[in-house]
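Visitor: What follows is a single structure, and I will ask about it in a moment.
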Amino acid sequence: MTMRILARLLQVFGTNKTSWVGLGIFAAICAMALLAPWIAGSDPLEQDIIAKLRPPSGEHWFGTDEFGRDVYARLVWGARISLSVSISAISLALVVGGTIGLVSGYVGGRFDMLVMQAMDVILSFPALILGLIIVALLGPSQTNLIVAIALTAMAPFARIARAPTLIVKERQFVEAGRALGFGHARIIFVHVLPNILSEVLVMASLWMATAVRVEASLSFIGLGVRPPTPTWGGMIRDGFENILDAPWLCIYPGLAILALIFSLNMLGDGLRDATDPKLRGE
Amino acid sequence: MSDPVLTVRGLRKHFATGGGLSRAAAVTVRAVDGIGFEVRAGEAFGIVGESGCGKSTAGRAILRLIEPDAGEIVYRGQDVRAASGAALRALRRRLQIVFQDPYSSLNPRRSIGRALAEPIEVHGLAASAQEVRARVASLLDEVGLPADAAERYPHEFSGGQRQRIGIARALSVEPELIVADEPVSALDVSIQAQVLELMRRLQAQRGLSFVFIAHDLGVVRYFCQRVAVMYLGRIVEMGTAAELFGDPLHPYTRMLRDASPVPDPALRGRMPRIEGETPSPANPPSGCHFHPRCPHAMPACRERYPEETRVGGRMVACHLHGPGGG
Chain A
1 MTMRILARLL QVFGTNKTSW VGLGIFAAIC AMALLAPWIA GSDPLEQDII AKLRPPSGEH
61 WFGTDEFGRD VYARLVWGAR ISLSVSISAI SLALVVGGTI GLVSGYVGGR FDMLVMQAMD
121 VILSFPALIL GLIIVALLGP SQTNLIVAIA LTAMAPFARI ARAPTLIVKE RQFVEAGRAL
181 GFGHARIIFV HVLPNILSEV LVMASLWMAT AVRVEASLSF IGLGVRPPTP TWGGMIRDGF
241 ENILDAPWLC IYPGLAILAL IFSLNMLGDG LRDATDPKLR GE
Chain B
1001 MSDPVLTVRG LRKHFATGGG LSRAAAVTVR AVDGIGFEVR AGEAFGIVGE SGCGKSTAGR
1061 AILRLIEPDA GEIVYRGQDV RAASGAALRA LRRRLQIVFQ DPYSSLNPRR SIGRALAEPI
1121 EVHGLAASAQ EVRARVASLL DEVGLPADAA ERYPHEFSGG QRQRIGIARA LSVEPELIVA
1181 DEPVSALDVS IQAQVLELMR RLQAQRGLSF VFIAHDLGVV RYFCQRVAVM YLGRIVEMGT
1241 AAELFGDPLH PYTRMLRDAS PVPDPALRGR MPRIEGETPS PANPPSGCHF HPRCPHAMPA
1301 CRERYPEETR VGGRMVACHL HGPGGG
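As you go down the protein sequences, you meet chains A and B in turn.
Just so you know, the first sequence maps onto residues 1 to 282 in the numbering used here.
Just so you know, the second sequence maps onto residues 1001 to 1326 in the numbering used here.
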């Protein structure tokens, strides 16, 4: 059963060329993160003061930073942090926020009003400020960083899940489910959820990009993953001081972030089309 | 006819609109304002009226898809309003609904087979996966759809076919009474006849009772044995379909009947118009709700709502036929 759905997903996904590009880039970045120990070439933490701020060359493909560390090696290892932090944070936000929005929209009435006003309070903080507060309270560590990003992204997911829930729950098949004696949990998770999932998934790919950015920003203020562990955001910050003399320090991690965000957006579009039953069919 | 299986008394549902978290409700819409009727075993009972008269709300309130404010609903001796938990689930198996809109009534992401199997599984009506499949196949056959429909999705079917699927889904839990809420009004006329024919066959084969909600008198006349006419949340006349449409007592029933086209060329061009608009159920006229549109309105009609009176075998609420009327 699941295999057939997967096959169908691939079938429609396959006709959409841009989503394949997105998937390809995303897969390449994932592969880079997984294969880091073998493809990085050198140790990302090894300093070589004599060879500092060297431009890209045959020896150092992407140049070296102010401590003489190899930018290519740091970029490859940095993919691990960026991906693991943002994927974990967004998964957490998707599950928690999505469930809140789904249940709140389905229950409706005053409960919905109160829950959504609480979400609005969270939404009123910029993601970075809220992340900062949370990490400052919990203390800097990779786990706390994930929790902080997840909490900031939770409210938008609640909103994004709630809006289509309000529409879907008015459809007669939900009423039919109640008439057939289905429990609320079954109606919410078996009948409403699949009909709102595509919207939430598209949102997830966009918020993955925000998570990458917030992770970078927090790392920069010293509330993220601590240096010298390489992260893309941290690399941009470090390179920022020398941006005129050594632009490669910012350009390559910047391009990496751009590629990741770009691929996630295209992937999201492909996912949306593939989960729409009107486009899948024979 | 046998004893009633469903008895409804004083059913009431008011909706509050315009209220907020702290503000009181601004307007009360009296969608259903104290109606009562009985449905007998194997009978098709029709509820007709213009849109907004509360007929659909009444149908949903019987099944508690909308929680009624007041009144009594008794199904085969069991108090429907008092049921909760397992008792309510058991009742819902026996009372089913078929919806008006065949496009919104099926989950677009579930195959027809899954949609029909799910209620069977939830209620534990089949012992094995094999038996579930067999039941799904026989349901599809019963409503006149090919067996391979089980593998397909709702968007692959036409409106009429979807309505058949909706009927099959209602039948999947082996109900005894079906509330059919305008089941054919969204369909083409040629398809309407087929779906009505199917429902009539099921009624005979399975001994089903129907509460048939419609605004099309022709359809009701064809399908129902007894009919209630609703106007602004109340029943104004109730009786057998033949009596009611042959010799309407209430001026509103007469108006509805006269507005319904009759396929007789001799009557061409003689169709009177329904006069006036339906007033808002949020602010119904005083006395008899119908008096502003009624050609026979008397002073009493403006002052008090007419009592329900028995005239022969039927009930009518009109001062013309009341104890003090003419």
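For glycine and all other residues, C-beta sits at the position ideal for the given N, C-alpha and C.
Note that the structure is a prediction, hence the values are computed from the model and not measured.
With a threshold of 8 Å between beta carbons, is isoleucine 1097/B in contact with chain A?
Guide: yes
Visitor: Which class does glutamine 47/A belong to by DSSP, given the choice of helix, strand or coil?
Guide: coil
Visitor: Does DSSP put isoleucine 1066/B in a helix, a strand or coil?
Guide: Reduced to three states, the DSSP call for isoleucine 1066/B is coil.
Visitor: So, helix, strand or coil for histidine 1291/B, using DSSP?
Guide: helix
Visitor: Could you run through the segment 1108–1127 of chain B and flag, in chain order, every residue whose CB is less than 9 Å away from some CB of chain A?
Guide: Pro1108, Arg1109, Arg1110, Ala1115, Glu1118, Pro1119, Val1122 and His1123
Visitor: The segment 1064–1077 of chain B: which residues have C-beta closer than 7 Å to a C-beta of chain A, in chain order?
Guide: Leu1065
Visitor: Ordered along the chain, which non-local residues of its own chain (more than five positions away) have a Cβ less than 6 Å from that of proline 1279/B?
Guide: Pro1285
Visitor: Going by DSSP, what residue range makes up the beta strand (DSSP E) through tyrosine 1231/B?
Guide: 1226–1231
Visitor: May I ask you to list, following chain order, the residues of the segment 1173–1207 of chain B that have a beta carbon less than 8 Å from some beta carbon of chain A?
Guide: Val1173
Visitor: For leucine 258/A, which residues from the same chain have a beta carbon less than 7 Å from its beta carbon, with the 5 sequence-adjacent residues on both sides left out?
Guide: There are no such residues.
Visitor: Whole angstroms are fine: how far does the CA of cysteine 1288/B sit from the CA of leucine 1296/B?
Guide: This sequence places histidine at residue 1296/B; leucine is not what is there. If you take the alpha carbons of histidine 1296/B and cysteine 1288/B, they lie about 12 Å apart.
Visitor: Using a C-beta cutoff of 8 Å, does glycine 270/A count as contacting chain B?
Guide: no
Visitor: Interface residues of chain A around aspartate 1101/B at Cβ under 8 Å?
Guide: Gln172
Visitor: Could you give the residue range of the alpha helix (DSSP H) that holds glycine 1239/B?
Guide: No alpha helix (DSSP H) contains glycine 1239/B, which is instead part of the beta strand (DSSP E) from 1234–1240.
Visitor: In chain A, what lies closer than 7 Å to arginine 1089/B by C-beta?
Guide: Near arginine 1089/B (Cβ distances below 7 Å), the residues of chain A are Gly181.
Visitor: Going by the C-beta, is arginine 237/A closer than 7 Å to any heavy atom of the ligand GTP?
Guide: Among the components of this structure there are no ligands whatsoever, and the ligand GTP is therefore not found.
Visitor: Between aspartate 273/A and chain B, is any beta-carbon pair separated by less than 8 Å?
Guide: So, not an interface residue.
Visitor: Let me make sure I understand the geometry here. Which of Leu114/A, Gly109/A and Val212/A has the alpha-carbon closest to that of leucine 166/A?
Guide: Gly109/A
Visitor: Would you please verify whether the beta carbon of proline 194/A is less than 8 Å from any beta carbon of chain B?
Guide: yes
Visitor: Can you grab the Cα-Cα spacing for the pair arginine 1169/B / leucine 1116/B, in whole Å?
Guide: 5 Å
Visitor: Does the separation of the CB atoms of phenylalanine 62/A and tryptophan 248/A fall below 8 Å?
Guide: yes
Visitor: Compare the C-beta of histidine 191/A with all C-beta atoms of chain B and state if any pair is closer than 8 Å.
Guide: yes
Visitor: Can a CB atom of chain A be found closer than 8 Å to the CB of arginine 1092/B?
Guide: yes
Visitor: Name, please, each residue of chain A whose Cβ falls closer than 8 Å to the Cβ of serine 1104/B.
Guide: Arg171, Gln172 and Phe173
Visitor: Go to isoleucine 1120/B, then tell me how far its beta strand (DSSP E) extends in each direction, as first and last residue.
Guide: No beta strand (DSSP E) holds isoleucine 1120/B; the alpha helix (DSSP H) holding it covers 1112–1122.
Visitor: Give, in chain order, every unbroken run of the alpha helix (DSSP H) that is at least 4 residues long and sits entirely within the segment 97–132 of chain A.
Guide: If one requires a minimum length of 4 residues, the alpha helix (DSSP H) runs lying completely within the segment 97–132 of chain A are 109–123, in chain order.
Visitor: Considering only the alpha carbon of each residue, which of Arg1314/B, Arg1092/B, Phe1099/B and Gly1207/B lies closest to valine 1195/B?
Guide: Phe1099/B
Visitor: With leucine 1006/B as the anchor, note down where its alpha helix (DSSP H) starts and where it stops.
Guide: Here leucine 1006/B belongs to no alpha helix (DSSP H); instead the beta strand (DSSP E) covers 1004–1017.
Visitor: For glycine 1326/B, count neighbouring C-beta atoms within 10 Å of its own C-beta (all shown protein chains included) and say buried if the count is 16 or more, exposed if not.
Guide: With a pLDDT of 43 at glycine 1326/B, under the threshold of 50, the modelled position of that residue is not reliable, and the figure given next carries that caveat. By the 10 Å Cβ count, glycine 1326/B comes out exposed.
Visitor: For arginine 1164/B, decide whether its Cβ has a neighbour in chain A, counting only Cβ atoms nearer than 8 Å.
Guide: no
Visitor: Residues in the same chain with beta-carbon distance under 8 Å from leucine 1217/B, minus the five sequence neighbours each way, listed in chain order, please.
Guide: Annotation for leucine 1217/B: Val1048, Phe1245, Leu1256, Arg1257 and Ser1260 place their beta carbon closer than 8 Å to its own, counting only its chain and skipping 5 residues before and after.
Visitor: Can you list, in chain order, the residues of its chain whose CB lies under 8 Å from that of alanine 47/A, leaving out five sequence neighbours each side?
Guide: According to the sequence shown, residue 47/A is glutamine rather than alanine. Cβ neighbours of glutamine 47/A beyond the five flanking positions: Phe67, Gly68 and Arg69.
Visitor: Grouping DSSP H, G and I as helix and E and B as strand, with all else coil, what is leucine 1106/B?
Guide: coil
Visitor: Is alanine 268/A helix, strand or coil when you go by DSSP?
Guide: A quick correction: the sequence has glycine, not alanine, at residue 268/A. Here glycine 268/A sits in helix by DSSP.
Visitor: Can you confirm whether arginine 1135/B, when its beta carbon is compared against all beta carbons of chain A, has any partner nearer than 8 Å?
Guide: no
Visitor: Roughly how many angstroms lie between the CA atoms of glycine 131/A and threonine 152/A, to the nearest whole one?
Guide: 6 Å
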